[in-house]
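In this note's numbering, the protein residues as written are 557 to 854.
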């Protein structure tokens, strides 16, 4: 039942296209969270095109691996990857954050059947992931659970309750990814509430911690491979990333965290940074790219 992916996947090309889709949907919606969406894309690209056992034709297949985006405000990244992976049509993106459309500003399980759970209130997605991992064990199903947390999300007390719980139940079918771009909202995490030393903190709760560059596919691949072979305890991948990755004026700038409205010149510059050809831009400026939206948008 697993959907086949080509042996040689051009992860960088897929990620570049996904980043363009993020910028385009946020521009069209006139709101959204680009910074943390762009930083998460490389890990999500590898996860959906190489790691997860899934069947796009049967999103509820019992044997599938589960993924939860606990940092739900970064859903543009999830939606873009879903389009690239064939889980939904691209024209749904142009209804992002619009009333009556399925793609809301945080993942909603009721309108997107390939989403495992609704998220948005930070910390709760992690708790759901732990429950899923425990449930799969009780059912003796071999599926794995992956969950991505933001670094600012780690300031939630619920996260550290979960950090105690998962090793207690020896949930080696659970893998946490922390998108560690070191920014949250409108400032650096260290200025709001410091997280370091982060690796020793997770290790003190008996997690296997793998620290990587979250934009290096060789390191991403190695981390997920290691995680599958850890026995008796859960794994956390501490992925160092760049907020706004790929867009020059957004990189390492907390002001591009969220609730932003892109101007036309910013859209053009961002798409150019992400490798889009000039010929691709007019449809996004005159609105003609939305052909077919009515077919899937409701």
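For each residue, glycine too, the CB sits at the ideal point set by N, CA and C.
As the structure is a computational prediction, the values presented were derived from the model and not from experiment.
It is roughly 15 Å from the alpha-carbon of residue 656 to the alpha-carbon of residue 647. One Cα belongs to residue 755, the other to residue 795, and the distance between them is close to 11 Å. Take the alpha-carbon of residue 729 and the one of residue 574: they are about 28 Å apart.
In this structure, DSSP gives residue 725 a state outside helix and strand, which the three-state scheme calls coil. By the Cβ rule, the stretch 829-839 does not count as touching the stretch 620-638, because fewer than three pairs are nearer than 8 Å.
For residue 622, the uninterrupted beta strand (DSSP E) segment begins and ends at 622-625.
Rounded to whole angstroms, residue 662 and residue 707 show a C-alpha spacing of 17 Å. Under the rule that a run must span 3 or more residues, the beta strand (DSSP E) segments found entirely inside the stretch 614-689 read 622-625.
Counting the other Cβ atoms within 10 Å of the Cβ of residue 811 gives fewer than 16, which makes it exposed. For residue 735, the enclosing beta strand (DSSP E) begins and ends at 730-736. Taking a 10 Å sphere around the C-beta of residue 691, we find fewer than 16 other C-beta atoms and assign the residue as exposed. The three-state reading of DSSP puts residue 599 in helix, counting H, G and I together.
In the three-state reduction of the DSSP assignment, residue 691 falls in the helix class, which pools H, G and I. Annotation: residue 764 to residue 821 spans about 45 Å, alpha carbon to alpha carbon. DSSP places residue 795 in the uninterrupted beta strand (DSSP E) bounded by 791-796. With fewer than 16 other Cβ atoms inside 10 Å of its own Cβ, residue 784 counts as exposed. Scanning its chain for C-beta atoms nearer than 6 Å, with the 5 sequence neighbours on each side dropped, one finds around residue 759 the residues 765, in chain order. The beta-carbon separation of residue 624 and residue 818, rounded to 28 Å, does not stay under the 8 Å limit for a contact.
In the assembly as shown, residue 568 is an exposed residue. Its beta-carbon has fewer than 16 other beta-carbons within 10 Å. In this structure, 606 is the residue among 585, 684, 592 and 606 with its C-alpha nearest to the C-alpha of residue 570. When the beta-carbon positions are compared, residue 735 and residue 595 come within less than 7 Å of each other.
By the neighbour-count criterion, in which 16 or more other beta carbons inside 10 Å mark a residue as buried, residue 590 falls on the buried side. Pairing residue 829 with residue 809 gives a Cβ-Cβ distance that is not under 7 Å. Taking a 10 Å sphere around the C-beta of residue 584, we find 16 or more other C-beta atoms and assign the residue as buried. In the three-state DSSP reduction, residue 607 falls in the helix class (H, G or I). In the structure shown, the three-state DSSP call for residue 784 is helix.
Taking residue 634 as the centre and dropping the five residues before and after it, the same chain places the C-beta of 600, 625, 663 and 671 closer than 8 Å to its C-beta, in chain order.
Here residue 771 is buried, its C-beta having at least 16 other C-beta atoms within 10 Å.
Note that the C-beta distance between residue 638 and residue 644 is below 7 Å. With contacts defined as CB atoms closer than 7 Å, residue 779 and residue 793 qualify as a contacting pair.
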